[in-house]
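Asker: Each number in this note's numbering comes from the position in the sequence shown (counting from 1) with 536 added on. Note that the Cβ used here is the ideal one computed from N, Cα and C, for glycine as well.
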Amino acid sequence: MKKIFFIVSLAALLLLPNAYAHGFGSKIDLPLPTYLYWIGGGAAVIASFAIISIFVNRKTDNDSYWKYNLQNISLIDTLYKNKSLLGIFKIISIGLFVLSILTGVLGSQFPEYNFVPTFVWVIWWGGFIWVHILFGDSWNFVNPWKNIYELIKFSEKPIRKYPEKLKSWPAFMFFLVFAWVELIYPDPANPQFLGNLIFLYSVIVLLGMRIYGKHKWLDNCEPFTVFFNFISNFSITRVTSDGKIFVRPIASGLLDVKFRFDQLCFLILILSVVAFDGLISTFFWYNLIGIEAFGGSGRFDVLYINTISILLSFLVFMGIFYLFVGISKMVTQTKYSIGELAMALVPSLLPISIVYHLAHYSAYFFLNGQLIIKLISDPFGFGWDLFGTKSYEIVRTIDFLFLWNYQVLVIIIGHVLSVFIAHKLALRIFNDNKKAISSQIPMLILMVIYTMFGLWLLSTPSIL
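1. Quick check on the burial criterion: 16 or more other C-beta atoms within 10 angstroms. Buried or exposed for glutamine 645?
2. When you compare only the Cα positions, how much space is there between isoleucine 804 and glycine 789?
3. Is the Cβ-Cβ distance between leucine 815 and proline 722 less than 8 Å?
4. Of the residues Lys960, Gln943, Gln869 and Pro759, which one's Cα is nearest the Cα of phenylalanine 591?
5. Tell me which same chain residues have a C-beta within less than 7 Å of the C-beta of alanine 707, skipping the five on either side of it?
6. What residue does the beta strand (DSSP E) around valine 775 start on, and which one ends it?
7. So threonine 843 and tryptophan 716 are in contact, right, with Cβ under 8 Å, and what is the actual spacing, rounded?
8. Going by the DSSP bridge assignment, what does phenylalanine 936 pair with across the sheet?
9. Just list the residues that DSSP pairs asparagine 605 with in beta bridges.
10. Would you list, in sequence order, the uninterrupted alpha helix (DSSP H) runs of no fewer than 4 residues that lie entirely inside the region 933-979?
11. Where does the unbroken alpha helix (DSSP H) through proline 680 begin, and where does it stop?
12. For the region 690-701 against the region 634-651, are there 3 or more C-beta pairs whose distance is under 8 Å?
13. Is there contact between the region 900-916 and the region 940-955, where contact requires at least three CB pairs shorter than 8 Å?
14. Within its chain, find whatever has a CB closer than 8 Å to the CB of asparagine 605; leave out the 5 residues flanking it on each side and keep chain order.
15. For the pair the region 931-947 and the region 885-903, tell me if three or more CB-CB distances fall below 8 Å.
16. Check the DSSP bridge columns for serine 998 and list the partner residues they point to.
17. Give the secondary structure of serine 644 by DSSP, where H, G and I count as helix, E and B as strand, and everything else as coil.
18. Quick one: Cα of aspartate 565 to Cα of leucine 994, how far?
19. For the putative contact between threonine 987 and valine 581, defined by C-beta atoms under 8 Å, what is the C-beta separation to the nearest angstrom?
20. Quick one: measure Cβ to Cβ for isoleucine 890 and isoleucine 767, integer angstroms, because I've assumed they're closer than 8 Å.
21. Measuring straight from C-alpha to C-alpha, what distance separates serine 562 and threonine 996?
22. As a quick exercise: from Tyr685, Ile588 and Trp705, pick the residue whose alpha carbon is nearest that of isoleucine 747.
23. Rounded to whole angstroms, how far is the Cβ of valine 678 from the Cβ of serine 629, which I believe are closer than 8 Å?
24. Quick test of your reading: leucine 907 and asparagine 769, contact by CB under 8 Å. State the CB separation rounded to the nearest angstrom.
25. Among the candidates Gly862, Phe690 and Ala880, whose CA atom is the shortest distance from the CA of aspartate 792?
26. Give the single residue among Leu824, Phe853, Lys926 and Ile772 whose Cα lies nearest to the Cα of leucine 807.
27. Mark alanine 958 as exposed unless 16 or more other C-beta atoms lie within 10 angstroms of its C-beta, in which case mark it buried.
28. Just to confirm before moving on: does the CB-CB distance between isoleucine 822 and alanine 829 stay below 8 Å?
29. Quick one: Cα of leucine 848 to Cα of valine 656, how far?
30. Per DSSP, what kind of secondary structure is glutamate 718 in: helix, strand or coil?
31. If the criterion is Cβ atoms closer than 8 Å, does the pair phenylalanine 633 and proline 680 meet it?
32. Under the assumption that valine 882 contacts phenylalanine 795 (Cβ atoms under 8 Å), give the Cβ distance between them as a whole number of angstroms.
33. Locate the alpha helix (DSSP H) running through glutamate 876, then write down its first and last residues.
34. Could you give the DSSP three-state label for methionine 988: helix, strand or coil?
35. Just curious, the alpha helix (DSSP H) that serine 589 is in, first and last residue?
36. In the DSSP assignment, the alpha helix (DSSP H) including alanine 899 goes from what residue to what residue?
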């Protein structure tokens, strides 16, 4: 089945098109008009739905999936049980955390000569998601705040009981602030600002863990713990509660997760933020809001309108999702409420959020990520050459056609996976093939819209 999905996705690329690589604004000469990319991507998703509907049904489907215990491989088992190795990773995470604060506060204030902007925005936020896709919830092991808290050996007994009615809304709000800083704040790469922000947030996290308990705070208030925990459900690797480590089909963990309303909102916030990130860097956006793209004072010109728009973006994505879920309820005449259906089906949106992130940050990571090679030798910008890499020549040329095809392939495969997960979830909800397929036709339309929107974002000329 996975081979069929891959072939369908790959075939769609052959239909694909005079476009711009997202994040560069550099023209790529392709043999077909751009709109054929959008149509080809939508067609691939529709074709995958047809194939899935035929081959995945109540007779062929079951609630289990293939998995393999990696501890059967002696080398992996030895490494996994090596506490010293885990300790080394924790020490490295704390070291990078401390270095980020120190370089921000004490180092050069030119972002390209300072470790913290490249490490935070490019390596960690742009690239660390790949570690989760491959190895599962790695953040749980390298979270510097958690590791510092455990190193200090604070009491595990909380000072106050966490207000359960808050659920994970604090994490939602913190993530929204983080997104605002990344996308809207006028100077997010300023080293001094980043160093101070990391220090301030660290104080909040450590105090929160001490007051409400480590796990309560991390699971409900720490946005990156919540974010990476979501991503781990997409991973090909799973660590069970009894400490076993398995490899499994990608995204299969989404079949096991149950979402509350606050978690649903957090997931849709992730999707809306990465889509908004792509939108606000386009000439289309600047023309829409009536502001000169290269004039004035940069982000200051769009500070207020983008602040309002990032909130509206979340509300629009929420409204669209609930609209199509409502149509599914109407089509199936199910006893389940719209809210119940939404919480049952929302895991299918996670692959879309992830592939938007991967496609959006790919060029940024491949080019700007090279700076870290120079910066490990001179993190403060003082002229050091600790590891002999200070003179590394950044490769500033990139095969835009390859990058474009990579981005398109990632987008399409992600949406095909979303269709597959949504169909499997619908079979569990309705326990009936016809109802499951009927319920997924509105969701299929939504997936096609998301696919074409994502490809449009990639192909729309960008100011960056």
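Answerer: Well, looking at it:
1. It is exposed - the Cβ of glutamine 645 has fewer than 16 other Cβ atoms within 10 Å.
2. The alpha-carbon of isoleucine 804 is positioned some 18 Å away from that of glycine 789.
3. It is not a contact, given that the beta carbons lie outside the stated cut-off.
4. Checking every option, the nearest Cα to that of phenylalanine 591 belongs to Lys960.
5. Here the set comprises Asn756, Cys757, Glu758, Pro759, Val762 and Phe802.
6. Secondary structure note for valine 775: its beta strand (DSSP E) is the uninterrupted segment 773-775.
7. So it is a contact: roughly 7 Å between Cβ atoms.
8. Paired residues: none, contrary to the question.
9. DSSP output for asparagine 605 lists Phe782 as bridge partner(s).
10. Fully enclosed alpha helix (DSSP H) runs of 4 or longer: 936-966.
11. Annotation for proline 680: the continuous alpha helix (DSSP H) segment containing it runs 680-688.
12. With a cut-off of 8 Å, the region 634-651 and the region 690-701 do not count as touching, because too few Cβ pairs lie within range.
13. No, because fewer than three Cβ pairs between the region 900-916 and the region 940-955 fall closer than 8 Å, the two stretches do not touch.
14. Only Lys780, Ile781 and Phe782 meet the Cβ criterion.
15. Counting C-beta pairs closer than 8 Å gives three or more between the region 931-947 and the region 885-903, which meets the contact rule.
16. Per the DSSP secondary-structure output, serine 998 pairs in a beta bridge with Thr818.
17. Correct three-state label for serine 644: coil.
18. Confidence at aspartate 565 is low in this model, with a pLDDT of 48, below 50, so the placement of that residue is unreliable and no value is reported for it.
19. That pair is a contact at about 5 Å.
20. Right, the Cβ-Cβ distance comes to about 7 Å (below 8 Å), so this counts as a contact.
21. Confidence at serine 562 is low in this model, with a pLDDT of 41, below 50, so the placement of that residue is unreliable and no value is reported for it.
22. With respect to the C-alpha of isoleucine 747, the residue from Tyr685, Ile588 and Trp705 having the closest C-alpha is Tyr685.
23. The pair is a contact, with the Cβ atoms about 4 Å apart (cut-off 8 Å).
24. About 32 Å separates the CB atoms of leucine 907 and asparagine 769; that is not less than 8 Å, and the two are not in contact.
25. Of Gly862, Phe690 and Ala880, the residue nearest in Cα terms is Ala880.
26. Among Leu824, Phe853, Lys926 and Ile772, the Cα nearest to that of leucine 807 is on Phe853.
27. Taking all protein chains shown into account, alanine 958 has 16 or more neighbouring C-beta atoms within 10 Å of its C-beta and is therefore buried.
28. Note that residue 822 is tyrosine in the sequence shown, not isoleucine. Contact: yes.
29. In this structure, the CA atom of leucine 848 is about 27 Å from the CA atom of valine 656.
30. Note: glutamate 718 maps to helix in three-state DSSP.
31. The answer is yes: Cβ separation under 8 Å.
32. Valine 882 to phenylalanine 795, Cβ: 5 Å. Contact.
33. Start and end: 874-881.
34. The DSSP-derived three-state label of methionine 988 is helix.
35. Residues 571-591.
36. Here the alpha helix (DSSP H) through alanine 899 covers 886-904.
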